[in-house]
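Residues in the sequence shown are numbered from 827 upward in steps of one, following the numbering used here.
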Amino acid sequence: MTTVLDVQRFKDEGRRFAMLTAYDFLSAQILDEVGIPILLVGDSLGMVMLGYPTTLPVTMDEMLHHAKAVSRGARQALLVGDMPFMSYHASDEQAIENAGRFVKEGGMHAVKLEGGGRIIELTRKLTGMGIPVMGHLGLTPQFVHQMGGFKVQGKTEAQAARILADAKELESAGAFSIVLEGVPSGVAGRVTKALRIPTIGIGAGPKTDGQVLVFHDVFGLTTGKAPKFVKRYAGVAEEIARGAQRFADDVRTGTFPGPEHEYSANGATQSVEPKRDQVKYGAT
Ligand code: KIV
C-alpha cells in the first residue's frame, strides 16, 4: 500500500507521480488497480457529483458518504479526504473531530486542508495526533469569494512570496505534501525547489513533483469546455450519450432484448445474479 513515506520517497528519488480524484467505489477500484498511487476524495465532488455551483455547500456527511465508497474500492492507493468548507474553521476541536471522522468512518489515510495562516498550527496538531496532512495553496476554491472568483494566484511577487512562505511553514508543521493549484509555473517551480516534501500541481505547470486532475475532467465526463490546464484522456460523456441513444433506439425498434437476453421456463435453474468477478468494471 502507498503510504506518506512512499510519497516522500517519490520526491527523494526524483520520481514524478500522479494523483486523481475519486468519488465512488467503481472509479476507485479502476484507478487503484492501474496503480494510481494517491486518490483524493476532493470536495470538487460537490460540483461534479452533486451539481453545486461551487465547493462551498458540501457537507462533512456528503464527503464521508463518498469517502466510504472509495475506501471500499481501493486496496493500494493512499487515500486523502478533503476537508470541506466550514468543517475545520469554527475551532481546532471541530477540525480534529472531522479529520478523525475521515480516518475512523471514511477509511481515509490522510486529510487535505486549504490555505495557510491558522491552518499551519492546525497541521501541527493533526500530524501530532497521527493524521497526515496534505496542504493546498494558490487558487484555493474554498476562498472563491475572497479571491473574487477562480483566478490564478501568485502573479505578483508579494503573492508568490506569501505562497512560498506558507508552503515552508506547512512543511515545518509536518505536512507530507502540498497541492499547488492555479499558480504560474515559475512560482510552482520555486516552491517545489525550496521544499523537502513533494508538491502536487493542478494548473501549476510541469515543475511540481506530482500532478493531480479531477476525474470528470480527465475522462471527459463533463459537457462544457474543460479548463486550459486539463488534458482529456477519454471521452466518457460522449460514449454514454451514444450508448444511451443506441439503447433507446433498440428498445423502440424491438431489437433489445434479443433471444440471448431471455430466460426460458425449461432448462437448468439460472441465477440472475452475475458472479462477482464478472461484474468487475461493469462488464457482464
Ligand atoms: O477538490 C479537489 O478535487 C481538489 C483538487 C483539485 C486538488 O482539491
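Ideal Cβ placement from N, Cα and C applies to all residues, glycine included.
Count the other CB atoms, across all protein chains shown, that sit within 10 Å of the CB of residue i; report buried if there are 16 or more and exposed otherwise.
i, result
"V1105", "For V1105, the pLDDT reaches just 49, beneath the cut-off of 50, and the residue's location in the model is therefore unreliable, although a value from the coordinates is still provided. It is exposed - the Cβ of V1105 has fewer than 16 other Cβ atoms within 10 Å."
"I862", "buried"
"T1110", "Any reading at T1110 is ruled out, since the residue's pLDDT is 36, under 50, leaving its predicted position unreliable."
"R1016", "buried"
"G1108", "Caution applies to G1108, whose pLDDT of 48 falls short of 50 and renders its modelled position unreliable; the model cannot decide the point."
"A1067", "exposed"
"E1088", "exposed"
"E947", "exposed"
"N924", "buried"
"Y914", "buried"
Can you tell me which of the options puts its alpha carbon nearest to the alpha carbon of residue i?
i, options, result
"G1084", "N1092, F1073, A1091 and G1093", "F1073"
"A895", "F928, N924 and F911", "F928"
"T880", "P910, V860, D887 and F851", "P910"
"T828", "F1045, H971, L857 and A903", "A903"
"R841", "G964, A1060 and D1035", "D1035"
"F1055", "E1064, V1044 and M960", "V1044"
"F843", "D887, P1032 and E1065", "P1032"
"I922", "R901, I945, G1093 and L905", "I945"
Report the CB separation of residue i from residue j in whole angstroms; it is logged as a contact under 8 Å.
i, j, result
"T847", "F1041", "5 Å"
"G907", "M934", "4 Å"
"A1001", "T949", "5 Å"
"H962", "K938", "6 Å"
Counting Cβ pairs closer than 8 Å, one from the stretch 997-1016 and one from the stretch 912-922, do we hit at least three?
Segments in contact, no.
Looking at C-beta atoms only, is the number of pairs between the stretch 856-876 and the stretch 946-957 that lie closer than 8 Å three or more?
When Cβ pairs closer than 8 Å are counted between the two stretches, the stretch 856-876 is seen not to touch the stretch 946-957, the count staying below three.
Is it the case that the stretch 1022-1041 contacts the stretch 833-850, given that we only count it when at least three CB pairs across the two stretches are under 8 Å?
Flag = yes, the stretch 833-850 and the stretch 1022-1041 touch.
Between the stretch 1016-1031 and the stretch 828-841, do three or more beta carbon pairs fall short of 8 Å?
A contact exists between the stretch 1016-1031 and the stretch 828-841.
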